[in-house]
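The block underneath contains the structure these notes are about, expressed in structure tokens.
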Amino acid sequence: MIIIFEQLAKHEMLGFVPAVALIKQRERDGWSLSALARMISKTPELRDAYDALLSGIRLSAAFDPGKSILVTSAQPNEGKTTVASSLAITASFAGQSVLLIDGDMRRPWLASAAGIADGIGLGELLDGQAEAGDAIHPFELFENSQEAGSLSIMAAGRKSSAFLPAVDWSKARTAFRLFSQRFGIVLLDSPPILAVNDALLLGGIVDGILLVVDAGSADRDAVRRAKEQLEPIGTPIIGAVLNQFDPKIHGRPNQPYRGYYLGSPR
Ligand SMILES: Nc1ncnc2c1ncn2[C@@H]1O[C@H](COP(=O)(O)OP(=O)(O)OP(=O)(O)O)[C@@H](O)[C@H]1O
Ligand SMILES: [Mg+2]
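All residue numbers for the sequence shown refer to this note's numbering, where the first residue is 892 and numbers rise by one.
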């Protein structure tokens, strides 16, 4: 039996998100940002998990005094998009001003989840074709909401990710610094690290990186390789969040080191 936390030993395990059957229904029933917000607001275990994760991020020495976070994972389907959007929603519930950005130009999701046109987004901003003001849209999670703080979103845009290597990254970093001044927290969703280079490029323009690790499918070597690829960027890895965590299978969240084992002996 292999403990996955060996690969994360240097970094804090920042939080645990329970497996929630309702989220699994997303693909069957369609999915929107507002539907996810409704689910979080009426599922205390989810709300608590994301509140705890936000506190963990805020208290992280590696991140202080950062604002912008790349949400990524080693492999596809570990929950990056769900975690990034749920964190954005929870932070806005807590009264923060939040900017949620879709950094996955290969599988963009935010424009359709928010019901906005995907004309101008991160791609156009990075390519110098658009100003931030044209790409950022204020978004109401609920009609007549008293709960939500202020959430703004930026779609992925219409460009394919092929242009990313040619981007002026120092200019992009400056744009993200401005976002950090304007918003309380900035969350940037991304493709998986081991599949394509995009997340490594985007990792250079944020203040910190949050690694999503799927409790059911995570592979010890994949997490190690992802970390090895992230480290040379120099952006601090704030920590990891274990997604789809089930205490019956993976141990109690306060004692994950004892309970959480992965795979067969290697
Ligand atoms: N805590 C959870 N409980 C139940 N289902 C979840 C949870 N987190 C994510 N899922 C489901 O797992 C699937 C993958 O999630 P998501 O799309 O967020 O992953 P991803 O890492 O962004 O994938 P990709 O690599 O394709 O971008 C989705 O169907 C989502 O609804
Ligand atoms: Mg995704």
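Built from N, CA and C at the ideal position, the CB exists for glycine as well.
Residue i (DSSP reduced to helix, strand or coil)
i: P1082; result: coil
i: D1110; result: coil
i: A1047; result: coil
i: M996; result: coil
i: T934; result: coil
i: Q1020; result: coil
i: A1053; result: helix
i: S964; result: coil
i: Q1135; result: strand
i: S1041; result: strand
i: G1094; result: helix
i: I1076; result: strand
i: G1006; result: coil
i: S959; result: strand
i: D1105; result: strand
i: S1071; result: helix
i: I1140; result: helix
i: V1087; result: coil
i: P1123; result: helix
i: S983; result: helix
C-beta contact flag for residue i and residue j at 7 angstroms
i: S983; j: L1042; result: yes
i: Q987; j: A1113; result: no
i: F1074; j: L991; result: no
i: F1030; j: A1046; result: no
i: V1087; j: S959; result: no
i: T973; j: W1000; result: no
i: F1136; j: F907; result: yes
i: V911; j: L927; result: no
i: I1007; j: A1021; result: no
i: A1117; j: L1085; result: yes
8 angstroms CB neighbourhood of residue i in its chain, flanking five on each side removed
i: S1108; result: Q966, N968, E969
i: R929; result: F1033
i: G1125; result: G1095
Nearest-angstrom Cα separation, counted from residue j out to residue i
i: D1025; j: G1048; result: 11 angstroms
i: P1127; j: I1096; result: 11 angstroms
i: L1093; j: W1060; result: 9 angstroms
i: G943; j: A1063; result: For the sequence presented, residue 943 should be read as Ala rather than Gly. Taking the straight line joining both Cα atoms gives about 30 angstroms.
i: S932; j: N1134; result: 18 angstroms
i: S946; j: I1140; result: 25 angstroms
i: H1090; j: F1033; result: Correcting the residue type first, residue 1090 is Ala in the shown sequence and not His. The straight-line gap from Cα to Cα measures roughly 31 angstroms.
i: A1002; j: S923; result: 10 angstroms
i: V1132; j: L950; result: 14 angstroms
i: D1110; j: F1070; result: 34 angstroms
i: A985; j: T934; result: 15 angstroms
i: P1123; j: V1103; result: 19 angstroms
i: L1013; j: D993; result: 7 angstroms
i: H1028; j: V1058; result: 23 angstroms
i: A1174; j: R1115; result: Outside the shown range of the chain, which is 892 to 1157, sits residue 1174, and nothing can be said about it.
i: L1121; j: T1065; result: 20 angstroms
i: A952; j: A979; result: 21 angstroms
i: D1044; j: I948; result: The identity of residue 1044 in the sequence shown is Ile, whereas the question assumes Asp. If you take the alpha carbons of I1044 and I948, they lie about 21 angstroms apart.
i: R998; j: P1138; result: 31 angstroms
Chain-order list of residues whose beta-carbon lies under 6 angstroms from that of residue i (same chain, five-residue window excluded)
i: G1099; result: F954, G957, I960, P1127, I1129
i: E903; result: G1130
i: M996; result: G1014, A1047, S1052
i: I925; result: With the sequence shown as reference, residue 925 is identified as Ser, and Ile is not the correct amino acid for it. Excluding positions up to five away in sequence, the list reads L1032.
Same chain, Cβ closer than 7 angstroms to residue i, neighbours up to 5 away in sequence not counted
i: A940; result: G906, F907, V908, P909
i: K1050; result: M996, G1014, E1015, D1018
Cutoff 7 angstroms: residue i Cβ touching any chain E Cβ
i: D1098; result: Absent here is chain E; the protein component of the structure consists of one chain.
Residue i CB to nearest heavy atom of ligand 3 below 6 angstroms
i: K1139; result: In the structure shown, ligand 3 is absent; the only ligands present are ligand 1 and ligand 2.
Checklist entry - How do the region 957–964 and the region 1071–1085 stand: do at least 3 beta-carbon pairs fall below 8 angstroms, yes or no? => result The region 957–964 is in contact with the region 1071–1085.
Checklist entry - Quick one: any contact between the region 1049–1069 and the region 1005–1025, if contact means 3 or more CB pairs under 8 angstroms? => result Segments in contact, yes.
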